[in-house]
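Written below as structure tokens is the structure these notes are about.
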Amino acid sequence: APDSWDWRDHRAVSPVKNQGMCGSCWAFSVTENIEGQWFKKTGKLLSLSEQELVDCDKLDQACGGGLPSNAYEAIEELGGLETETDYSYTGHKQSCDFSSGKVAAYINSSVELPDNENEIAAWLAENSPVSAALNAFAMQFYRKGVSHPLKIFCNPWMIDHAVLLVGFGQRNGIPFWAIKNSWGEDYGEQGYYYLYRGSRLCGINKMCSSAIVN
Ligand SMILES: CCC[C@@H](/C=C/S(=O)(=O)c1ccccc1)NC(=O)[C@H](Cc1ccccc1)NC(=O)N1CCC(N2CCOCC2)CC1
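Residue numbers for the sequence shown follow our numbering, beginning at 31 and rising by one.
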């Protein structure tokens, strides 16, 4: 794998979004992974609809939480995702208003990545941004820099948030993951969280996955 990689340099990442008062982080993690997969296939960067998942993904619990693995399955069953513009975000569950004629992006399958951080980095650089989940306790108090929380404050077995890995590298020799969050641009560093890479912190390595667009 390269020493560093950042999909934002390749215009494969949409602007930071804001889930508002809805526990829909799982939907943002998945739509933004698919934005990256779709970009890789077509060279077009679309902003895809999280609201479609909140309203129409019956395998997950809308604002009450969800799992990326369920969401990939739901998207395959629905037939794809509409754009953010066609099915815009309201931050609360409504009746499903999906129309297959408006599908802007589809997926063929999904993969769970290995839990080795070097392998995850290599896969990311080769393929697309990666859906990940982690214990978000330290994220809530983050302002800037490379976050390196004590393990006792970031139990890797208490995973409660889903995010997007967009890149990795080193800052003054400190290895980091560049993590796109869905709490708006005022969060952290322009909406991003930088987490120390290489110690499996906060369980960041445990639930990495991606849709596959052939
Ligand atoms: C109320 C849900 C909040 C929401 C989004 C997070 S959040 O709101 O951004 C946030 C997180 C942490 C601190 C502050 C704010 N969290 C989730 O969606 C998390 C994300 C996650 C957790 C663990 C592994 C992978 C992904 N998922 C969840 O909360 N859930 C996973 C599925 C579970 N289902 C219950 C019924 O049986 C099927 C499974 C419901 C809870």
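Idealized CB from N, CA, C, for every residue including glycine.
If you're wondering where the values come from, they're calculated on a predicted model, not measured in any experiment.
Taking 8 Å as the cut-off, does the stretch 112-121 touch the stretch 151-170 (at least 3 CB pairs, one atom from each stretch)? no
Would the beta-carbon of Gly197 be found less than 8 Å away from any heavy atom of ligand 1? Residue mapping note: residue 197 aligns to position 167 of the sequence shown, counting from 1. No, the beta carbon of Gly197 sits no closer than 8 Å to any heavy atom of ligand 1.
Three-state secondary structure (DSSP) at Leu225? By one-based count along the sequence shown, residue 225 stands at place 195. Of the three classes helix, strand and coil, the one that applies to Leu225 here is strand, per DSSP.
Run the proximity test for Gly73: is its beta-carbon closer than 8 Å to any non-hydrogen atom belonging to ligand 1? Here residue 73 is taken as the residue at index 43 of the sequence shown, counted from 1. Outside the cutoff, so no.
Is it true that the CB of Leu83 sits closer than 9 Å to the CB of Ser44? Counting from 1 along the sequence shown, the entry for residue 44 is found at position 14. Counting from 1 along the sequence shown, the entry for residue 83 is found at position 53. No, these two residues do not count as a Cβ contact at 9 Å.
Just the Cα atoms here: how many angstroms apart are Gly233 and Leu97? Taking the sequence shown and counting its residues from 1, the one referred to as residue 233 is at position 203. Taking the sequence shown and counting its residues from 1, the one referred to as residue 97 is at position 67. Each residue's Cα considered, the two are about 15 Å apart.
Let me know the alpha helix (DSSP H) ranges lying completely inside the stretch 82-164, each 4 residues or longer, listed in chain order. 98-108, 147-156
By how many angstroms is the C-alpha of Asp85 removed from the C-alpha of Thr120? Sequence index remark: in the sequence shown, residue 120 carries index 90 (1-based). Sequence index remark: in the sequence shown, residue 85 carries index 55 (1-based). Cα to Cα, Thr120 sits roughly 10 Å from Asp85.
Is Ala163 near ligand 1 - that is, is its Cβ less than 8 Å away from at least one heavy atom of it? By 1-based counting over the sequence shown, the position of residue 163 is 133. Ala163: yes, Cβ under 8 Å from ligand 1.
Beta-bridge pairing of Gln220 - partner residues as DSSP gives them: On the sequence shown, residue 220 is found 190 positions in, with the first residue counted as 1. Note: Gln220 sits in no beta bridge, so no partner.
Given this structure, state the Cα-to-Cα distance separating Ile137 from Asp145, to the nearest angstrom. Within the sequence shown, the letter at position 107 stands for residue 137. Within the sequence shown, the letter at position 115 stands for residue 145. Looking at the two C-alpha atoms, the distance is approximately 23 Å.
Name the residue from Asn211, Tyr217, Gly109, Gly218 whose alpha carbon lies nearest to the alpha carbon of Glu62. Residue numbering aside, residue 62 sits at position 32 when the sequence shown is read from its first letter. Looking at the Cα atoms, Asn211 is the closest of the given residues.
So, does the stretch 163-175 touch the stretch 213-225, judging by three or more C-beta pairs under 8 Å? yes
Please find out if some non-hydrogen atom of ligand 1 comes closer than 8 Å to the beta-carbon of Trp56. On the sequence shown, position 26 is the one that residue 56 refers to. Flag set: Cβ of Trp56 near ligand 1.
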